[in-house]
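> As you go down the protein sequences, you meet chains A and B in turn.
Going from the first sequence to the working numbering is simple: count from 1 and add 19.
Going from the second sequence to the working numbering is simple: count from 1 and add 10.
From the three backbone atoms N, C-alpha and C, an ideal C-beta is built for every residue, glycine too.
Since the model is a prediction, treat every value here as computed from it, not as a measurement.
Supplied in structure tokens, the structure appears directly below.
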Amino acid sequence: MGRSYIVEDDVEGYLSRLCSQLAGPVTGLLIGQSMVQRDFVVMATRTPQNNESSDGGKSVDKEWVSEHARQVSRMLPGGLSVLGVFLISESDAKETLTTLRQLVFSVENLISSERLWTPADDDVTDCVTLHVNPKTRKTVCRTFDVKDPKSMAKPADWKYQSGVCSSWATVSCCLSVDLMVPLPENMAFTRNMGDCLKGELKVWAQQIERGVCLIEGRKLPEDSELKAGQKKNVRQTISAQLLITPDVQTAADVVQRCGGCVSVSGAIHSRAFLHSNKPKAKLAEKLLKRDIVSTVATRVQMLLEEPQTQNEENKGRKQTEQFCLPRRVFCPVKSTGPLSVCDYQFSDEGLSEMTDRFKEMLDMDAAEEDLDATQEMIAEVIESEVTEESAEENEMLDPWRNNYIGVAMATAVALLALAASIVYLSDV
Amino acid sequence: ILADSESAVILRLRGPLDLKCLLDSIDVVPMQKAISRTFEALRLQVKSESCVLAVCNSPVLIWPNKSVFEEISPDAPCEDIFQFIQTDDQETSGNRSAKKKNKKRVSASVINLSLMMEATKPGPVSAPILTRTVQKSHLLCATLPMDCAIWSSCSDTIKDGCERLMKALTRQLFEMEKVTLQCMKGTTLLIPEPLHFLLPEPNGLVTVVFPSGVPDKELEAQRQELHGQFELPDNKPFFRRANTYHFPNEPYKDGYLRNPHTVLTHPTLDNGKVYLVQGIYSYHHYMQDRMDDNGWGCAYRSLQTICSWFQQQGYVERGVPSHKEIQQALVEVGDKQASFVGSRQWIGSIEVQAVLNHLLGVTSKIMFVSQGSELASKGRELANHFMTEGTPVMIGGGVLAHTILGIAWSETTGEIRYLILDPHYTGAEDLPVITEKGWCGWKGPDFWDQTAYYNLCLPQRPRVI
């Protein structure tokens, strides 16, 4: 039996517009939720233009598509994920199948490389590919099992329906985060800080996964069903709580030398969506915990990618610096319905930069007043402290994020250069 | 703290707390200040509204600092919590019959609670800040194994019980801080470890914080102070690590039965009194430890039972010796030839006395009766032994050895019964079988071979703390 994708009506219109507007092959991502029995696609977004592409965007660039997917994945709250890719092109079936296959594996590999939570055994590992012929508008939908590198394409159903974005339950919470990790004695800076933080985040992620999740104040048996999500178009939010216990430290020496420490302290708003009339408590818990881990890891990663955190000068004196992690801002997927996507706003950015990014990454036309920036506030930060007078000032750096995807792209290329073999496709 | 032990409930709260701080300087005073500050932060944390007590194996959750009680009412008695607990305790028919037989279980029931912190809180919230401190320093990182236990009487409400537990938790943090600072040497820190001891009335269940990893012999000064504080005799250990209270329904890891005699109903004699072994012993018998000593090892097993008593009362740290180790000890004291080791030769009371002396440093008295019928007249001596020494007695004679765990004796009529632990049992550690079939049971004077002579080894309790 093939998989069955129930797709929001609007996506049909979107893909149709892409067919008529653009020449050359168009790639993009399909976003939604995969359940064991069925899959729901809530939106589609085309791959943004690559200004630096060598052939002006005429061929399909696997790295570019994957990098876009990685960025988009960071913008999806719990429960929503990149389910697969679409390709609008007039190429013949065999070529497109190869292209789609490579895209889907590359996308999934890149996204999963950033994940700090461990996948569950019952997670769906099929990804969807959709090929649309712009002339005939004929669509072919197939899936690949990304856990199996030799997986063959399996046909799948692609069905449009209205109201797919409506009947979702939302589970959310605000969670305190308090991490402290020592820095090694000899400094080779940010690389070490990043590694130390990632190590600590992994431990923290396990703590979260082990935590006891309460729904509406109670610990529910795993298979019990939650009552929300039964009415269409009504925002129903389930509140959750998380109880945790610290890891037991097993280091032999209680006191160890270090070169300082890094701490992450504050709180985050976490949100996950479940498509169902009667979502299960176990699923709500799983998706919420994943979102908690992802949102913190994403922000730390984003901060580490910022140029100003990469600036290092330690001359052996005590130095304390504080950096604000970006805050989470939500944007509704449709004007009605509970679904939203999110992005992260640094203290020196305005809401207009948010709307620009929603447009670039998710092809969403959002106005500033549509955005929900009320869940989190950016914290106050102290001035950098240096114990001795220093002649040099800390540099004033521009919050350089003009080409958002460009910065991340540079990092991505460096990562991919080791492993990937780049496949160029001929022009259509 | 007093409680009618049959209906008493122990509330036990356990959970880890992170002790983590950056030490700018490892000079004594700044380090002490930093540690004290960290402990103060922990005390604030357990007083905060995010502190949660979760009753193990149940849906019951309590936020003690904001009086939120999930699933139960705060004014209900503590025992009501048991209704919500699902255990895997198999109610095998064996257990059931043992429970029926024994009405006077000395142990109380335990409610285990876990200490947790709620990480969630109401929004909106302030997004996280990353702070990077670069400085050559030290990081202190340890886990405090919090473990508080309070004895609650049947009239205590859940609310009261939790309040007392939280007070105990704060007190324990103070004590841990004290022990940590006292035992600090340079950058070596010992993790404080709470241990529970069941003291004689009126003290009851008491929790003391010791530095972990420090052997008993280095803690004598602390023990003396405790003996003074609790007005305990100074010739009997109460605060050695082996004396820690064994909570009911916590299984023993080694699998041996403890004190099987406690499930028995003791005989009532006219003007009679029961004089029993004091403390905890393990039942050692034929075929245990994959050692087939059927037919020759009975005295060895009795000796093992006695050794287990000395270990569990804290007099020795050494584990129960094996048959080979017992034989080796006898060779070392010159009592036997080297060929004795590995043989299946019997031993008697004199050998038991020698091994107790050589391996455990324990002296024993030997009592001799020329005929089994004379044993009936030894009531007073045996009663005195159990009252002042309280150790199990090994008796050998004829071709058999047994362990005497106590007597029932009437001073006026002279009637006597003996509580016998029989090392000749070859089966599994099945308490109902052992007690119902008399492998541990009360015997009359005719149990002994009336014409054979017997030697008894009465181990003497060292007068130490």
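Quick check on this structure: which residue in Pro74(B), Val65(B) and Ala44(B) has the alpha carbon closest to the alpha carbon of Lys169(B)?
Pro74(B)
> Closest by CA to Ser349(B), which one among Glu361(B), Lys334(B), Val362(B) and Gln363(B)?
Lys334(B)
> What does Arg142(B) reach in chain A if we use C-beta pairs closer than 9 Å?
Leu202, Met212, Gly279, Cys280, Val281, Ser282, Thr328, Gln338, Thr339, Glu340, Gln341 and Phe342
> Where does the unbroken beta strand (DSSP E) through Ile263(A) begin, and where does it stop?
Thr256 to Ile263
> I want to see whether chain B comes within less than 7 Å of Met373(A), judged by CB atoms only; does it?
no
> I'd like to know if Val470(B) contacts chain A, where contact means its C-beta is closer than 7 Å to some C-beta of that chain.
Reading off the sequence, residue 470(B) comes out as Gln, not Val. No, its Cβ sits nowhere closer than 7 Å to a Cβ of chain A.
> Would DSSP call Gly25(B) helix, strand or coil?
strand
> With a threshold of 8 Å, are at least 3 pairs of Cβ atoms found where one atom belongs to the segment 382-399 of chain A and the other to the segment 133-140 of chain B?
yes
> Only counting the same chain, and skipping five residues up and downstream in sequence, which positions put a Cβ closer than 7 Å to that of Asn252(A)?
Residue confidence for Asn252(A) is low, a pLDDT of 48 falling below 50, so the modelled location carries little weight and cannot support an answer.
> Chain B partners of Gly218(A), CB-CB under 9 Å?
Those do not exist, as Gly218(A) stays about 13 Å from chain B at its closest Cβ, beyond 9 Å.
> Beta strand (DSSP E) containing Val65(B): first to last residue?
Cys61 to Val65
> DSSP three-state call for Asp99(B): helix, strand or coil?
Its pLDDT being 49, under 50, Asp99(B) is placed unreliably in this model, and the coordinates cannot settle the point.
> Name the chain A residues that come within less than 9 Å of Ser136(B), Cβ to Cβ?
Gly285, Ala286, Arg346, Glu395, Met396, Ile397, Ala398 and Glu399
> For a contact meaning CB atoms closer than 7 Å, what does Ser147(B) contact in chain A?
Cys277 and Gly279
> If the cut is a Cβ gap below 7 Å, which residues of chain B does Val267(A) touch?
Pro26 and Thr153
> At the 7 Å Cβ level, is Met199(A) part of the contact set with chain D, yes or no?
Chain labels in this structure do not include chain D; the protein chains are A and B.
> Determine the direct distance from the alpha carbon of Val78(B) to that of Ser289(A), and round the result to whole angstroms.
24 Å
> Decide if Arg473(B) is buried, meaning its Cβ has at least 16 other Cβ atoms within 10 Å, or exposed.
exposed
> Which runs of the beta strand (DSSP E) at least 3 residues long sit entirely within the segment 169-249 of chain B? Give them in chain order.
202-209 and 214-221
> So, is Lys308(A) buried or exposed, given that buried needs 16 or more other C-beta atoms within 10 angstroms?
Lys308(A) is buried by the Cβ-count criterion.
> Residues in its own chain within less than 7 Å of Met212(A) by CB, not counting five upstream and five downstream?
Leu202 and Val281
> For Leu201(B), which residues in chain A fall below 8 Å Cβ to Cβ?
Leu is not the amino acid found at residue 201(B); the sequence shown has Ile there. The contacting residues are Val273.
> Are three or more beta carbon pairs between the segment 171-181 of chain B and the segment 154-162 of chain B nearer than 8 Å?
yes
> Going along chain B, which residues have a C-beta under 9 Å from Ala270(A)?
Correct list: Cys151 and Ala152.
> If you reduce the DSSP assignment to three classes, tell me which class Gln275(A) lands in.
In the structure shown, the three-state DSSP call for Gln275(A) is strand.
> Any chance you could list the alpha helix (DSSP H) runs of at least 4 consecutive residues sitting entirely within the segment 271-323 of chain A, in chain order?
none
> Taking the continuous beta strand (DSSP E) assigned at Thr355(A), which residues delimit it?
That residue, Thr355(A), is in no beta strand (DSSP E); it is neither H nor E in DSSP.
> Could you please tell me which residues of the segment 228-242 of chain A, in chain order, have their CB closer than 8 Å to any CB of chain B?
Gly230, Val231, Leu233, Gly236, Arg237 and Lys238
> Could you check the C-alpha separation between Glu71(A) and Glu109(A) for me, to the nearest Å?
24 Å
> Determine the extent of the beta strand (DSSP E) in which Gly407(B) is found, giving its start and end residues.
Val403 to Gly407
> Rounded to whole angstroms, what is the Cα-Cα separation between Val189(B) and Ser147(B)?
23 Å
> Please compile the residues from chain B whose C-beta is within a distance smaller than 7 Å of the C-beta of Val196(A).
Pro138
> For Cys450(B), which of Phe207(B), Glu241(B) and Asn269(B) has the nearest alpha-carbon?
Nearest Cα to Cys450(B) within the set Phe207(B), Glu241(B) and Asn269(B): Asn269(B).
> Check each residue of the segment 62-93 of chain B: if its Cβ is closer than 8 Å to any Cβ of chain A, include it; give the result in chain order.
Answer set for the segment 62-93 of chain B: Val62, Ala64, Pro69, Leu71, Glu80 and Glu81.
> Along the chain, where does the alpha helix (DSSP H) that runs through Phe79(B) open and close?
Not the alpha helix (DSSP H): Phe79(B) falls in the beta strand (DSSP E), residues Val78 to Glu80.
> Taking the continuous alpha helix (DSSP H) assigned at Tyr310(B), which residues delimit it?
Cys308 to Gln322
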